[in-house]
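J.: When we follow UniProt numbering, the leftmost residue of the sequence shown carries the number 1, and every step to the right adds one. Every residue, glycine too, gets a C-beta built ideally from N, C-alpha and C. Below you'll find the structure I mean.
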Amino acid sequence: MLTDDARWRRALADPEAAAELLADPAARAAFVAAAAALQAEHDDLVLLHDSTLEHANEIEEQLAVKIEQVEALVVELELRNTFIRQMFGRHVTDEVVNTLLASPEGRQLGGERRTLTILISDLRGFSTLCEGLGPEQVVAILNIYLGAMADVIGEYRGSINEFIGDAILAVFGAPVPQDDHPERAVACAIAMQRAMGEVNAALAAHGLPALEMGIGVHTGEVVVGNIGSNRRAKYGVVGRHVNLTSRIESYTVGGQVLISESAARALGDRLRTRGCFEVRPKGVREPITIHDVTGVDGPFAIHMAEETAEWRILAQPQPLVFTALEGKDTGGQEVPALLVAHDERHNAELQVSAPLPLRADLKLVLAALPGVDAYAKVVAASPGRAVVRFTALPRALTELLDALPARA
1 MLTDDARWRR ALADPEAAAE LLADPAARAA FVAAAAALQA EHDDLVLLHD STLEHANEIE
61 EQLAVKIEQV EALVVELELR NTFIRQMFGR HVTDEVVNTL LASPEGRQLG GERRTLTILI
121 SDLRGFSTLC EGLGPEQVVA ILNIYLGAMA DVIGEYRGSI NEFIGDAILA VFGAPVPQDD
181 HPERAVACAI AMQRAMGEVN AALAAHGLPA LEMGIGVHTG EVVVGNIGSN RRAKYGVVGR
241 HVNLTSRIES YTVGGQVLIS ESAARALGDR LRTRGCFEVR PKGVREPITI HDVTGVDGPF
301 AIHMAEETAE WRILAQPQPL VFTALEGKDT GGQEVPALLV AHDERHNAEL QVSAPLPLRA
361 DLKLVLAALP GVDAYAKVVA ASPGRAVVRF TALPRALTEL LDALPARA
């Protein structure tokens, strides 16, 4: 009959009133029932508390596990990003890496037409040079050479598009646009040639042969972008101007930088050259003008190192036969000649019966070294005389020339 909690609290607050109230059996029974109900409610609350605390502990443990997993993923992601930057950074500058990683469209397949400057370098006579060397030595040569060239290209903010054996294809003006990409590329080419002195010093320290490199530079419109498939793609350039750059490079001799008319025009009066000449490369409809670069003035001021070499006139001219090359093939007709002088820069003077066209590629075989092929390019010609620059000089021929007596 006394079920109201407030009434029970007021009644039990006064000991005398509580004693009088609990003297009634019915009131005592009601009080006991109320107390039992309260105890049951308390027990339920304790059970709920214990259950909630246990569940909270489980949640806390699960949350701790998830936090550890997230932290592990963050570490893994940082390691992966570092790896990506390191691998990508071997080809392009940090600026390029940051641009591509920050741009969603930079990771999508597709391309755009853009005017860029392309640089292609190639070692002269590398295949012949490697004859007789072990695989470890060949790899050591390439690692020293390509590492040094990659550093120079990075300094001028170029992007290495590809290593093709001993050749390098680099672009300037992409992925990050550059208004001065022709000037950067030409200055970079000169810096690469100047760096060959340090490369050859490093090779000599390892007992490895010296290298010579030719470089072609051209400015033109190409398609540039992410090329390939969703499984495998690369950031690259395609188009006829890439092929034209390769054609320009093919006219070089060791230590030379040749550039196209479009690249020369972009540099204007800041360009320094030995002159220019006209060629008609295969696959090109009209003749093109090529400039033989010696330096660049202005913001990227740099000039080719001056090199001189003393001619050694042989006491006894060496008979040989040469064959004009058509692309990768010989023309078939062997023409006799005499090697009468040579210098330390791999130039040689030939006595010939008829004038040879400038920049003609020749295969030469000395009578003293039958079966040993050497390759050269005509760099000067007059009636009865031609000066050639060896592009592939076998070690046996080098040793023979050094051993031949010269006139006093």
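1. DSSP beta-bridge partners for Ser382?
2. Looking at the secondary structure, which residues open and close the beta strand (DSSP E) in which Ala170 lies?
3. Could you check where the beta strand (DSSP E) with His206 kicks off and where it finishes?
4. Taking 9 Å as the threshold (C-beta atoms), are Leu211 and Leu320 in contact?
5. Tell me the residue span of the beta strand (DSSP E) that contains Ser159.
6. Would you call Ser382 buried or exposed, if buried means 16 or more other Cβ atoms sit within 10 Å of its Cβ?
7. Which whole-angstrom value is the C-beta distance of Val372 and Ala396, which I expect to be below 8 Å?
8. Exposed or buried, which one is Lys66 when buried takes at least 16 other CB atoms within 10 Å?
9. If distances are taken between C-alpha atoms only, which option among Ala406, Arg280, Val257, Glu326 comes closest to Ile302?
10. Does DSSP put Arg359 in a helix, a strand or coil?
11. Which residue or residues does DSSP assign as beta-bridge partners of Gln318?
12. Go ahead and label Glu399 buried or exposed: buried means 16 or more other beta carbons lie within 10 angstroms of its beta carbon, across all protein chains shown.
13. For Asn347, write down the residues that DSSP places opposite it in a beta bridge.
14. Would you kindly check if the distance between the Cβ of Glu131 and the Cβ of Val224 is under 9 Å?
15. Going along the chain, which residues of its own chain have a beta-carbon closer than 6 Å to the beta-carbon of Arg272, five neighbours each way excluded?
16. In this structure, what does DSSP give as the bridge partners for His303?
17. Would you call Ile59 buried or exposed, if buried means 16 or more other Cβ atoms sit within 10 Å of its Cβ?
18. If you count every other CB in all the chains shown that lies within 10 Å of the CB of Gly197, and 16 or more means buried, which is it?
19. Is the beta carbon of Ala204 sitting closer than 9 Å to the one on Tyr156?
20. So, using beta-carbon positions, are Ala263 and Thr323 closer together than 9 Å?
21. Are the CB atoms of Ala374 and Pro394 nearer to each other than 9 Å?
22. Do you know whose CA, among Asn226, Ala360, Ile215, lies nearest Gly254's CA?
23. For Arg407, count the other beta carbons within 10 Å of its own beta carbon; 16 or more makes it buried, fewer makes it exposed. Which is it?
24. Apply the 10 Å Cβ neighbour rule to Ile164 and answer buried if 16 or more other Cβ atoms are within range, or exposed otherwise.
25. Is the Cβ-Cβ distance between residue 432 and Leu116 less than 9 Å?
26. In whole angstroms, give me the CA-to-CA distance for Phe277 and Pro405.
27. When the Cα of Leu325 is compared with those of Ala309, Leu350, Ala360, which residue comes out closest?
28. Gly154 to Leu366, Cα distance in whole Å?
29. Would you grab the beta carbon distance between Leu358 and Val378 for me? Rounded to a whole angstrom, and I think it's under 8 Å.
30. Please indicate yes or no: does the CB of Gly283 lie closer than 8 Å to some heavy atom of the ligand GDP?
31. Thinking just about the alpha-carbon of each residue, which of Pro287, Ser353, Asp402, Leu356 is nearest to the one in Asp343?
32. In the structure shown, what three-state DSSP assignment does Gly268 receive?
33. On a Cα-Cα basis, can you pick out the residue from Asp151, Pro175, Leu169 that is closest to Thr245?
34. Measuring only the C-alpha atoms, how far is Asp269 from Glu136?
35. Label Ala40 either buried or exposed according to how many other C-beta atoms from any shown protein chain fall within 10 Å of its C-beta, with 16 as the threshold for buried.
36. Quick one: residues in its chain with C-beta nearer than 8 Å to the C-beta of Gln316, no 5 flanking neighbours on either side, listed in chain order?
T.: Taking the definition as stated:
1. Against the sequence shown, residue 382 aligns to sequence position 382. For Ser382, which the question treats as bridged, DSSP gives the partners Arg385.
2. Working through the sequence shown from its first residue, we reach residue 170 at position 170. Membership of Ala170 in the beta strand (DSSP E) is indicated by the continuous run 167-172.
3. For the purposes of this step, residue 206 is taken as the residue at position 206 of the sequence shown. Where His206 is concerned, there is no enclosing beta strand (DSSP E), given that its DSSP letter is neither H nor E.
4. Taking the first residue of the sequence shown as position 1, residue 320 is located at position 320. Taking the first residue of the sequence shown as position 1, residue 211 is located at position 211. Contact flag unset, no.
5. As a position in the sequence shown, residue 159 is number 159, starting the count at 1. It spans 159-164 - the beta strand (DSSP E) in which Ser159 sits, taken as one unbroken run.
6. In the sequence shown, counting from the first residue as 1, residue 382 sits at position 382. By the neighbour-count rule (16 or more Cβ atoms within 10 Å), Ser382 is not buried but exposed.
7. Sequence index remark: in the sequence shown, residue 372 carries index 372 (1-based). Sequence index remark: in the sequence shown, residue 396 carries index 396 (1-based). Approximately 5 Å separates the beta-carbon atoms of Val372 and Ala396; this is inside 8 Å, confirming the contact.
8. On the sequence shown, residue 66 is found 66 positions in, with the first residue counted as 1. Exposed: under 16 other Cβ atoms inside 10 Å.
9. For the purposes of this step, residue 302 is taken as residue 302 along the sequence shown, with counting starting at 1. Residue Val257 is the option with its Cα nearest to Ile302.
10. As a first step, residue 359 is located in the sequence shown; it is residue number 359 there, counting from the start. Coil.
11. Here residue 318 is taken as the residue at index 318 of the sequence shown, counted from 1. Answer is Leu339.
12. Walking along the sequence shown from the start, residue 399 turns up at place 399. When all chains shown are included, Glu399 counts as exposed.
13. Taking the first residue of the sequence shown as position 1, residue 347 is located at position 347. Arg389.
14. Residue 224 sits at position 224 when you count from the first residue of the sequence shown. Residue 131 sits at position 131 when you count from the first residue of the sequence shown. Contact flag unset, no.
15. Within the sequence shown, residue 272 is the residue found at index 272, counting from 1. Closer than 6 Å at Cβ, skipping near neighbours: Thr294, Gly295.
16. On the sequence shown, position 303 is the one that residue 303 refers to. Beta-bridge pairing links His303 to Gly295.
17. Your numbering for residue 59 matches position 59 in the sequence shown. By the 10 Å Cβ count, Ile59 comes out exposed.
18. Start at 1 with the first residue of the sequence shown, and residue 197 comes out as number 197. It is exposed - the Cβ of Gly197 has fewer than 16 other Cβ atoms within 10 Å.
19. Counting from one through the sequence shown, the residue named residue 204 turns up at place 204. Counting from one through the sequence shown, the residue named residue 156 turns up at place 156. No, they are not a contact pair.
20. Taking the sequence shown and counting its residues from 1, one reaches residue 263 at position 263. Taking the sequence shown and counting its residues from 1, one reaches residue 323 at position 323. Cβ atoms of Ala263 and Thr323: not closer than 9 Å.
21. Taking the sequence shown and counting its residues from 1, one reaches residue 374 at position 374. Taking the sequence shown and counting its residues from 1, one reaches residue 394 at position 394. In contact: Ala374 and Pro394 (Cβ atoms closer than 9 Å).
22. On the sequence shown, residue 254 is found 254 positions in, with the first residue counted as 1. Of Asn226, Ala360, Ile215, the residue nearest in Cα terms is Ile215.
23. The residue you call residue 407 lines up with position 407 of the sequence shown. It is exposed - the Cβ of Arg407 has fewer than 16 other Cβ atoms within 10 Å.
24. Reading the sequence shown from its first residue, position 164 is the one you call residue 164. So Ile164 ends up on the exposed side.
25. Given that the chain is displayed from residue 1 to residue 408, the structure contains no residue 432 and the question cannot be resolved.
26. By one-based count along the sequence shown, residue 277 stands at place 277. By one-based count along the sequence shown, residue 405 stands at place 405. Cα to Cα, Phe277 sits roughly 36 Å from Pro405.
27. Within the sequence shown, residue 325 is the residue found at index 325, counting from 1. Among Ala309, Leu350, Ala360, the Cα nearest to that of Leu325 is on Ala360.
28. Position 154 of the sequence shown holds residue 154. Position 366 of the sequence shown holds residue 366. Each residue's CA atom was taken as its position, placing Gly154 and Leu366 some 43 Å apart.
29. Locating residue 358 in the sequence shown gives position 358, where the first residue counts as 1. Locating residue 378 in the sequence shown gives position 378, where the first residue counts as 1. Right, the Cβ-Cβ distance comes to about 6 Å (below 8 Å), so this counts as a contact.
30. What this structure holds is no ligand at all, so the ligand GDP is not there to describe.
31. For this step, residue 343 is matched to residue 343 along the sequence shown. The residue from Pro287, Ser353, Asp402, Leu356 with its alpha-carbon nearest to that of Asp343 is Asp402.
32. Sequence index remark: in the sequence shown, residue 268 carries index 268 (1-based). Three-state DSSP puts Gly268 in a helix.
33. To locate residue 245, count along the sequence shown from 1; it is residue 245. Among Asp151, Pro175, Leu169, the Cα nearest to that of Thr245 is on Leu169.
34. One-based indexing of the sequence shown puts residue 269 at position 269. One-based indexing of the sequence shown puts residue 136 at position 136. Each residue's Cα considered, the two are about 46 Å apart.
35. Position 40 of the sequence shown, counted from the start, is the residue given in the question as residue 40. Exposed is the call here.
36. Numbered from its first residue, the sequence shown carries residue 316 at position 316. Taken in chain order, the residues that qualify are Leu404, Pro405.
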